[in-house]
Amino acid sequence: MSLATLLAPATADAQAWVPPEGAGEVTIAFQRIDHTGHRLTDGTLIPKGTSLNRAVFVDVTYALTSHIVVSAALPYVFGKYTDPEPPPDFIPFLPIDSCRCWNSSAQDVTVAAHYNVLNGAFALTPSVGFVAPSHSYAYRGEAVVGRQLRELRLGVAAGQRLDLLTPRLSVQGGYTYAIVERVLDIPNNRSNATVGVSYRFLRDLSAQGLVAWQRTHGGLRAGAAPPYRIAIPGEVNTPERMEQHDRLLRDNSTHLGGSVSYQLPRFGVFAAFETFVSGTDTHAGRAITTGVSFPFERR
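In terms of our numbering, the sequence shown has 479 at position 139, counting the first letter as 1, and numbering is strictly consecutive.
Below you can see the structure in the form of C-alpha cells.
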C-alpha cells in the first residue's frame with residue numbers, strides 16, 4: 341500500500357505544536373484507498389492489478405508534560421483485488437487475489453514520542469517512533485493489508501503562524517527518516533516529507549492543503565518497456581526477489597491532498613482527500629479519510 345494516512349489531522353506524527361500537559365485526544369478514523377494501477381520504473385502507468393483497501397484506525401495522543409507527547413496507533417485493514425483481469429504478466433496471480441474476496445487483519449502497531457523544543461508562533465518538535473507488525477500476516481499480493489516490516493522512525497516537525505499576515509494562517513512541514521527491517525539483505529530505508537498550509541476560517545473550522553513526498557533509499561526497480569534501459573522484470577530477477585517484491589520495491593511518489601476539520605463542544609470531525617501525482621515503482625490511486633476525535637484532559 342503506497343498511499344498512507346498522511347492527512348488525518350488528529351494524528352501527532354507530523355504535528356509541530358503540542359497540547360498542554362495532561363491533555364490528550366483519541367481519534368477514530370475510516371479510510372478508503374483506491375489503487376488504480378501500477379507505475380513502472382520510468383513512471384509509465386499500467387492500469388491493471390487494481391485493488392481496494394478500507395481501514396479503520398485508532399490513534400491515542402497524550403501530553404505527559406508541556407514538552408513530551410506520546411502517541412500510539414493501530415489500524416485494522418481490509419484488502420480486495422478488484423480488477424476483473426489477472427495482474428500484468430510480470431506479477432504473479434496469487435491465491436489471496438484470485439477469489440477477489442476481502443482479506444482483513446490488524447496491521448502494524450505504531451508508538452512514538454515527541455519532544456517539543458519551541459511551542460510559540462514558531463514550533464519545533466523532533467520525534468522518534470517504532471513500527472512493529474501486530475502479528476504475522478500475508479504480505480504478498482494486491483489484497484494484502486501491509487508489508488509486515490519493523491521500522492524505526494526519526495523525525496522532526498516545524499510550524500510557523502503567519503501572525504503578521506493573519507493569525508488564521510500557518511504553515512507546517514515535517515520530515516521522517518525510516519530505518520526499515522532488511523529482507524534478502526536489500527536496503528529499503530525511506531524518507532517522507534510533507535509541507536502544508538492551514539487556514540482557520542472560523543474559531544472551530546479550519547482547512548489544510550498538503551504536499552507529501554516519499555523516496556526509498558534502496559529497494560528493487562521493476563523496470564519498464566523498451567527503450568527504457570532496465571527491462572521488465574528489472575531487479576526483481578530471482579525467485580527469492582519475486583517472493584519479496586511487494587515489500588521491497590523502490591517506491592517513490594508524490595501526493596497532493598487537502599482536509600477540513602470542525603471542532604464541536606465535545607468532539608471534532610474531519611475529512612481528507614489525497615491523490616497520487618507522480619511516482620515510480622509504486623501504486624497510483626487516491627484516498628479518502630473521515631474521522632472523529634475526542635479530546636480529554638487529566639489534571
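Every residue, glycine too, gets a C-beta built ideally from N, C-alpha and C.
Computed from a prediction, not measured in an experiment: that's the story for all the values here.
The alpha helix (DSSP H) enclosing residue i, as first and last residue numbers
{"i": "P579", "result": "P579 to Q584"}
{"i": "I436", "result": "P435 to S438"}
Boundaries (first-last residue) of the beta strand (DSSP E) holding residue i
{"i": "D374", "result": "A363 to R379"}
{"i": "G486", "result": "Here G486 belongs to no beta strand (DSSP E), and DSSP marks it neither H nor E."}
{"i": "R626", "result": "T622 to E637"}
{"i": "D423", "result": "Unbroken run through D423: none, as it is neither H nor E."}
{"i": "L560", "result": "Per DSSP, L560 belongs to no beta strand (DSSP E) and is neither H nor E."}
{"i": "L596", "result": "N592 to Q603"}
Per-residue burial, residue i [other beta carbons within 10 Å of its own, 16 or more giving buried]
{"i": "P432", "result": "exposed"}
{"i": "V358", "result": "buried"}
{"i": "L588", "result": "buried"}
{"i": "A348", "result": "Because A348 sits at a pLDDT of 42, beneath the cut-off of 50, its placement in the model cannot be relied upon, and the following sentence gives the value as read from the coordinates. A348 is buried by the Cβ-count criterion."}
{"i": "E425", "result": "exposed"}
{"i": "H475", "result": "exposed"}
{"i": "T401", "result": "buried"}
{"i": "V457", "result": "exposed"}
Cβ-Cβ distance between residue i and residue j below 7 Å
{"i": "Q554", "j": "N532", "result": "yes"}
{"i": "R440", "j": "Y421", "result": "yes"}
{"i": "E722", "j": "L489", "result": "Since the first residue of the chain shown is 341 and the last is 639, residue 722 is not available in this structure."}
{"i": "Y517", "j": "L494", "result": "yes"}
{"i": "F636", "j": "G364", "result": "yes"}
{"i": "V617", "j": "L604", "result": "no"}
{"i": "A552", "j": "G377", "result": "no"}
{"i": "V537", "j": "N529", "result": "no"}
{"i": "V410", "j": "A369", "result": "no"}
{"i": "F634", "j": "V471", "result": "no"}
{"i": "A483", "j": "G389", "result": "no"}
Bridge partners - residue i, DSSP secondary structure assignment
{"i": "H454", "result": "V409 and S467"}
{"i": "P473", "result": "D448"}
{"i": "D503", "result": "Paired residues: none, contrary to the question."}
{"i": "L509", "result": "Y539"}
{"i": "R493", "result": "G469 and A518"}
{"i": "Y402", "result": "G364 and V410"}
{"i": "L589", "result": "L560"}
Just to confirm the assignment: which complete beta strand (DSSP E) runs, minimum length 3, are found wholly within the stretch 527–554?
528–540
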